[in-house]
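**Q**
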Amino acid sequence: MKIVTWNINGVRARIGNLTHWLTESAPDMVCLQEIKSVDELFPRAEIEALGYNVETNGQKSFNGVAILSKLPFDEVNRGLPGDDADDHARFIEGVFSTDQGALRVASLYLPNGNPIDDERKFSYKLAWMARLERWAEERLRLEEALVLAGDYNVIPEPADARFPENWLGDALFQPRTRQAFRRLKNLGFTEAVRSVTDSAGVYTFWDYQAGAWQKNNGIRIDHLLLSPEAANRFSSASVEKHVRAWEKPSDHVPVAIELSLRPA
DNA sequence: ATGCCACAGAAACTGTGA
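Our numbering numbers the first residue of the first sequence as 78 and each following residue consecutively.
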């Protein structure tokens, strides 16, 4: 089973791009972030026509996440628990039946957190990460195949940026941000890409500005975390970098994993 | 120190992103 995370940066602006990629890449499941659309305007017909079930947690203008799946949804949950006052659409979870039992997949869009001296921004990011950690700890107790896929807005290590020195003052590379990501991983997750390669220069985002793509000035901020039950079925990971060179690209590219699971 | 570029929504600009 191929599971992919992709920050699409506006699903309506990029629906042609998305359907072309779905046909080419043929994923079983896709976690989208930054759909920038309310649920009513999400272009579901084009995606359903390719054989996908669609569940969204959208919002006007910003944020918004979705899961596209060839497997039917047994259950859908919207929103990360832990703060009833948080009205950002950054989280959706789906549960599926496989030959190995339940598969639980979350599509998450972690807050950017900049600027770091703005309490409303950076502390919101850290609070969101703390909520994610609590939620993940609870879910791990289920001992299911669990995949936390999304735009984490976290550069985990210096090797995950072409120019790490440029990111020292940025919320994506702050010590507290990196520590929160380590704390989450250390609950018992395997980070998919880093478990198959320790190479520097693996990036998932290149800014639109200042020719970042042409200069390969990238960062690795889109991640998939696997529970032990998912990691035991995990065989490969790949970054679909060529998509960044397409016409009207997202600034992020798809990150894919393969799990040896079959539909129930 | 800021803009570079891009999207959405309201409206020819602002907010947000990373």
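Ideal placement from N, C-alpha and C gives every residue a C-beta, glycine not left out. Because the structure is a prediction, the values reported are computed rather than measured.
#1: Is it right to say Q251 is buried, meaning 16 or more other beta carbons lie within 10 angstroms of its own, or is it exposed?
#2: Would you call the segment 290-302 in contact with the segment 219-235, where contact means no fewer than 3 C-beta pairs closer than 8 Å?
#3: Do you know whose CA, among I92, I80, V332 and E221, lies nearest R297's CA?
#4: Name the DSSP bridge partner or partners of Y186?
#5: How big is the Cα-Cα spacing for G178 and N309?
#6: Could you spell out the range, first to last residue, of the alpha helix (DSSP H) harbouring A213?
#7: With 16 other CB atoms within 10 Å as the buried threshold, where does A122 fall?
#8: Who are the near neighbours of V107 in its chain, counting only those whose CB is closer than 6 Å to its CB and skipping five residues on each side?
#9: So G128 and K147 are in contact, right, with Cβ under 8 Å, and what is the actual spacing, rounded?
#10: Would N230 and L187 qualify as a contact pair, given that the criterion is a beta-carbon distance under 8 Å?
#11: Within 10 angstroms of the Cβ of A322, are there 16 or more other Cβ atoms? Answer buried if so, exposed if not.
#12: Pairing CB atoms from the segment 251-266 with CB atoms from the segment 193-210, are three or more of them under 8 Å?
**A** Reading it off the structure:
#1: With 16 or more other Cβ atoms within 10 Å, it is buried.
#2: Result yes; three or more Cβ-Cβ pairs closer than 8 Å.
#3: V332
#4: D228
#5: Taking the straight line from one Cα to the other gives about 14 Å.
#6: E196 to L217
#7: Exposed is the call here.
#8: Taking V107 as the centre and dropping the five residues before and after it, the same chain places the C-beta of V81 and L145 closer than 6 Å to its C-beta, in chain order.
#9: 6 Å
#10: yes
#11: exposed
#12: Touching, yes.
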